[in-house]
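Remarks on the structure that follows.
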Amino acid sequence: MTAVTVREPRPARNRSRSFLLASRIATMEVRHSAFVWAIPLLAVLFVYDPFQAAAHYPALWNLRASVVPDKFWPVCVPFAAGFSAWAGSREGRRNTDDLVAATARPAWTRQLCSLAGTLAWVLAAFGTGVAVLYVSIARAVTWGGPPVWPIAAGAVSLTAVCAFAFTLGALFPGRFTAPIVAVGISVLTLAVFSRTVSEGGTSVFALSLDGIVPGNDQGVFYPVAPDVSIVQVMFFAGCTLGAIGLLGLSPRTGGAGWRGAIDFASGAGARLRVAATAVFAAGIALAVIGFGLAATARMSPATGGVEVPALHDSASDKALLYTPVCAAASGGFQVCLHPAYKGYLSQSVSSFGPVMAELSGLPGAPVRAVEIPGLAVPSVVQQAFRDGIVIGSPPVYEFSMDGAIAQVPDPAQFRDGFRQDIVHAVVIGPVGQLTASGVLQWNAGTQAQQAVEDGLLRAIGSQPYPACNPYMQPCAQQSQVTAAAARFAALPAATRHAWLAANLAALKAGRITPARIP
Amino acid sequence: MNGGIGAGRLAWLHLRSRRAPAALAALLACGVALWASLHYHWWLGTGNAADELPMILQGGAAGIIAVTTHSPFGEPERATGRRLPFLRVAMVLVLCGAAIGFFALGASAAYNPQAGVYLFGGILPVVRNVPGMTGIGLICCLATGSLTAWTGPLAFTAIAQFALIANYSWPITWPARPPSDRGGWIAAMIVFAVGLVAFTIRGPRIRQSGE
Numbered sequence: 019m020t021a022v023t024v025r026e027p028r029p030a031r032n033r034s035r036s037f038l039l040a041s042r043i044a045t046m047e048v049r050h051s052a053f054v055w056a057i058p059l060l061a062v063l064f065v066y067d068p069f070q071a072a073a074h075y076p077a078l079w080n081l082r083a084s085v086v087p088d089k090f091w092p093v094c095v096p097f098a099a100g101f102s103a104w105a106g107s108r109e110g111r112r113n114t115d116d117l118v119a120a121t122a123r124p125a126w127t128r129q130l131c132s133l134a135g136t137l138a139w140v141l142a143a144f145g146t147g148v149a150v151l152y153v154s155i156a157r158a159v160t161w162g163g164p165p166v167w168p169i170a171a172g173a174v175s176l177t178a179v180c181a182f183a184f185t186l187g188a189l190f191p192g193r194f195t196a197p198i199v200a201v202g203i204s205v206l207t208l209a210v211f212s213r214t215v216s217e218g219g220t221s222v223f224a225l226s227l228d229g230i231v232p233g234n235d236q237g238v239f240y241p242v243a244p245d246v247s248i249v250q251v252m253f254f255a256g257c258t259l260g261a262i263g264l265l266g267l268s269p270r271t272g273g274a275g276w277r278g279a280i281d282f283a284s285g286a287g288a289r290l291r292v293a294a295t296a297v298f299a300a301g302i303a304l305a306v307i308g309f310g311l312a313a314t315a316r317m318s319p320a321t322g323g324v325e326v327p328a329l330h331d332s333a334s335d336k337a338l339l340y341t342p343v344c345a346a347a348s349g350g351f352q353v354c355l356h357p358a359y360k361g362y363l364s365q366s367v368s369s370f371g372p373v374m375a376e377l378s379g380l381p382g383a384p385v386r387a388v389e390i391p392g393l394a395v396p397s398v399v400q401q402a403f404r405d406g407i408v409i410g411s412p413p414v415y416e417f418s419m420d421g422a423i424a425q426v427p428d429p430a431q432f433r434d435g436f437r438q439d440i441v442h443a444v445v446i447g448p449v450g451q452l453t454a455s456g457v458l459q460w461n462a463g464t465q466a467q468q469a470v471e472d473g474l475l476r477a478i479g480s481q482p483y484p485a486c487n488p489y490m491q492p493c494a495q496q497s498q499v500t501a502a503a504a505r506f507a508a509l510p511a512a513t514r515h516a517w518l519a520a521n522l523a524a525l526k527a528g529r530i531t532p533a534r535i536p
Numbered sequence: 051m052n053g054g055i056g057a058g059r060l061a062w063l064h065l066r067s068r069r070a071p072a073a074l075a076a077l078l079a080c081g082v083a084l085w086a087s088l089h090y091h092w093w094l095g096t097g098n099a100a101d102e103l104p105m106i107l108q109g110g111a112a113g114i115i116a117v118t119t120h121s122p123f124g125e126p127e128r129a130t131g132r133r134l135p136f137l138r139v140a141m142v143l144v145l146c147g148a149a150i151g152f153f154a155l156g157a158s159a160a161y162n163p164q165a166g167v168y169l170f171g172g173i174l175p176v177v178r179n180v181p182g183m184t185g186i187g188l189i190c191c192l193a194t195g196s197l198t199a200w201t202g203p204l205a206f207t208a209i210a211q212f213a214l215i216a217n218y219s220w221p222i223t224w225p226a227r228p229p230s231d232r233g234g235w236i237a238a239m240i241v242f243a244v245g246l247v248a249f250t251i252r253g254p255r256i257r258q259s260g261e
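Heads up: the protein sequence lines correspond to chains A and B, in order.
Just so we're aligned, residue 19 is where the first sequence starts under our numbering, counting upward by one.
Just so we're aligned, residue 51 is where the second sequence starts under our numbering, counting upward by one.
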């Protein structure tokens, strides 16, 4: 006798029917998701902070879009985590484990549908917020295009938050799970954010979406490398797969169990176990690779952005081509800006007009003003927190809008910054110099130079040069300087100009005292 | 004597039915998290931003207290006698006190002024914020049921965080106000009193699903 093992014919699976069933469950989960109750609140929070913050930033694509990872994403995280944990803990919380254990479909399918129900609302809320924000930005900016990678990173990271919180909810069901997970993940993101700020967004802290507000020039003169976003997508996609795989494997969540996870020929649930194991392993591998790549993230000296060497395409570091937008101030003084700052051209022209009317024709007075990248501004000027420098022959005022426009633009600060730079350069000279150890030594000028400088600035309605800065000049000497400055400012413009034309060389040489200033 | 034992047993059973021991453990975890956040410098700066993390933890504690009010017995429990309102108010007060105590312990354990490690604003903001946020949770549990009442303190924490960063100074966002600010204290205590009285009288909303 020979024993013959007859394999029973495998029932033909109707894949389309399985898919329909899963999509029907997912639709039910979407309809019953508790997250929908959080959407009005998220909308209020969105308008309250990210939208308003973006509206107050200078109208630049990358700067305004930075509110998506910096402000909108942190708003979404606690709610996504809390409601996902709430959904994940449902079966355990309601003690229906035994009831649903006998269903025809694996627990994994059921749970993934439940996760999809919450995730769909989370991503819909995130996507809607981003769309509203980007439309409002598109209506305000004058140059460039929307950054897409941060949106992808935000969506994938929210997916990871949902998957992780859902798995925690399924593993530890209870009434306290949802608030603890929500608060725990919020604390984690805030703690990582604080380190990200202190580390400048480099090394592993590049994985944090919530980081430093970028400078105005980001993406204006050089393209923003997608390296960090790619690493973030890898890491969070890995975390998502790891959490989903864990959900499918853990017996606590009704999964296939860990035993025999590597054994493809193990008993019941073998196919499920293999699939869950593969998803889990792929997720962990992806997360580890993402983490490892993030550890190499560094600041690029060429573009000022953060780059990941293994992913970085140095060809993308080339400066972006653009045609400057120019306009003439009074007396034909030409001001040229990057087209991204076109909205500030008239404001710039009106800033330069009065100061050039006072100084035009004097030795060392610039003949035009040109915007340059913030990175190209000399270190001494950056350390002094000035906007630019008068350089070359014929002299040109080269300035950066990176520091000239504050995050919440202040027209007076914007106007006075340029005027102070030019007056200081013409009357006194360079802002200062750096020592061998890189410490800034300010060039405050003589008292007479300060008096003329402040008198000129006062005459054109600007704040005096910050000479009372403790690094520059003791404030005790101010009264003498202030009196001379007031006298000089009270002169008619033509008299001032004539006096400067006659005495500027002696003033710069330090041969004039405050008493000799008319 | 028997009356005292009976009352004590009733209180203990009430606390157990509400998972109060687990709530205490969770509140203790919040205190430990505060200690860790101070000790390991998880906060940002020394100004308003330094208050963000303690505020989130206080919101979390309030959420835990709100969730603890869930009754597994539902409607039938309300017909058992006149002591239920007293048990409700006592439990909330005990848990609020415990939360404040755990936060104070965490902050004092981490206290190291030489290293610049201390709770920004001292313990006064904790004493104001925890009851105030708990009041929001209690009001929320009247509307949504206890198990989802954590959403109220969580949402309020998010609003208060923005108020803190943006330097808003409405009394209603009291966690963003200075520790000694009278308006903030009044707003927080009114919300707590309203929530506590309403919860004591009505109890949490009971849903048909049991949640």
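Ideal Cβ positions, reconstructed from N, Cα and C, are used throughout, including at glycine.
All figures in this text were calculated on a predicted structure; none of them were measured in a lab.
The beta carbon of Ala149 (chain B) sits closer than 6 angstroms to the beta carbons of Leu77, Ala111 and Val180 from its chain, once the five residues preceding and following it are set aside; these are given in chain order. Inside the segment 312 to 392 of chain A, DSSP marks whole alpha helix (DSSP H) runs of 4 or more residues at positions 363 to 377, from first to last along the chain.
Using a Cβ-Cβ cut-off of 7 angstroms, Leu88 (chain B) does not count as an interface residue toward chain A, since no Cβ of chain A sits closer than that to its own. Between Phe351 (chain A) and Gly379 (chain A), the alpha-carbon positions lie close to 11 angstroms from each other. Looking at the DSSP output, Ile409 (chain A) bridges to A:Val414. Exclusion of the five residues before and after Arg404 (chain A) leaves Asp439 and Val449 as the residues of its chain whose Cβ lies within less than 6 angstroms of its Cβ. Among the residues of the segment 108 to 129 of chain A, none has a Cβ less than 7 angstroms away from any Cβ of chain B.
A contact between stretches requires three or more CB pairs, one per stretch, nearer than 8 angstroms, and the segment 123 to 132 of chain B fails this requirement with the segment 193 to 202 of chain B.
Residues of chain B with a Cβ closer than 9 angstroms to the Cβ of Gly106 (chain A) do not exist; the shortest Cβ-Cβ separation is about 14 angstroms.
Residue nearest to Val353 (chain A) within the set A:Ala61, A:Pro384, A:Thr114 and A:Asp245 is A:Pro384 (criterion: CA-CA distance). Residues of chain A with a Cβ closer than 7 angstroms to the Cβ of Thr198 (chain B) are, in chain order, Ala52. C-alpha of Pro319 (chain A) to C-alpha of Ser332 (chain A): approximately 12 angstroms in a straight line. Segment contact: the segment 258 to 268 of chain A against the segment 295 to 315 of chain A, three or more CB-CB distances shorter than 8 angstroms; contact assigned.
Close partners of Arg193 (chain A) in chain B (Cβ separation under 7 angstroms): Arg69, Val117, His120 and Leu197. Assignment of beta-bridge partners to Leu452 (chain A) by DSSP yields A:Leu458.
Cα atoms of Gly110 (chain A) and Tyr66 (chain A): separation of roughly 36 angstroms, rounded to the nearest angstrom. Nearest to Pro68 (chain A) by C-alpha distance, out of B:Cys80, B:Ala213 and B:Gly54, is B:Ala213. In the structure shown, the three-state DSSP call for Val167 (chain B) is strand. Proximity of Trp92 (chain B) to chain A, defined by a Cβ-Cβ separation below 7 angstroms, is satisfied. The bridge partners DSSP lists for Asn162 (chain B) are B:Val167. For Ile114 (chain B), the nearest CB of chain A lies under 7 angstroms from its own CB, placing it at the interface with that chain. Contact between Leu145 (chain B) and Ile115 (chain B) holds, with the beta-carbon distance rounding to 5 angstroms and staying under 8 angstroms. For Asn234 (chain A), the secondary structure class from DSSP, reduced to helix, strand or coil, is coil.
Counting along the chain, the unbroken alpha helix (DSSP H) around Trp139 (chain A) starts and ends at Ala125 to Ala158. Interface flag for Ile222 (chain B) against chain A is unset, since no Cβ pair is found closer than 7 angstroms.
Nearest C-alpha to Glu102 (chain B) among A:Trp91, A:Thr45 and A:Leu208: A:Leu208. Between the alpha carbons of Pro254 (chain B) and Leu246 (chain B) lies a distance of about 11 angstroms. Under the Cβ criterion (8 angstroms, minimum of three pairs), the segment 142 to 152 of chain A counts as touching the segment 72 to 91 of chain A.
Proximity to Ser196 (chain B) across B:Phe153, B:Ser230, B:Ser219 and B:Arg69 peaks at B:Arg69, based on C-alpha coordinates. With a beta-carbon spacing of about 17 angstroms, Leu176 (chain A) and Ala52 (chain A) fall beyond the 8 angstroms limit used to define contacts. Under the 10 Å beta carbon count, Gln431 (chain A) is surrounded by fewer than 16 other beta carbons and is classified as exposed. Distances from the alpha-carbon of Ala523 (chain A) to those of A:Ala293, A:Val444, A:Ile302 and A:Leu225 put A:Val444 closest. Asn234 (chain A) sits close to Pro76 (chain A), with the two beta carbons spaced by under 7 angstroms. The continuous alpha helix (DSSP H) containing Arg514 (chain A) extends over residues Ala511 to Lys526. DSSP places Thr121 (chain A) outside both helix and strand once states are collapsed to three, so it counts as coil. As the crow flies, the alpha-carbon of Ala181 (chain A) is around 30 angstroms from that of Phe153 (chain B).
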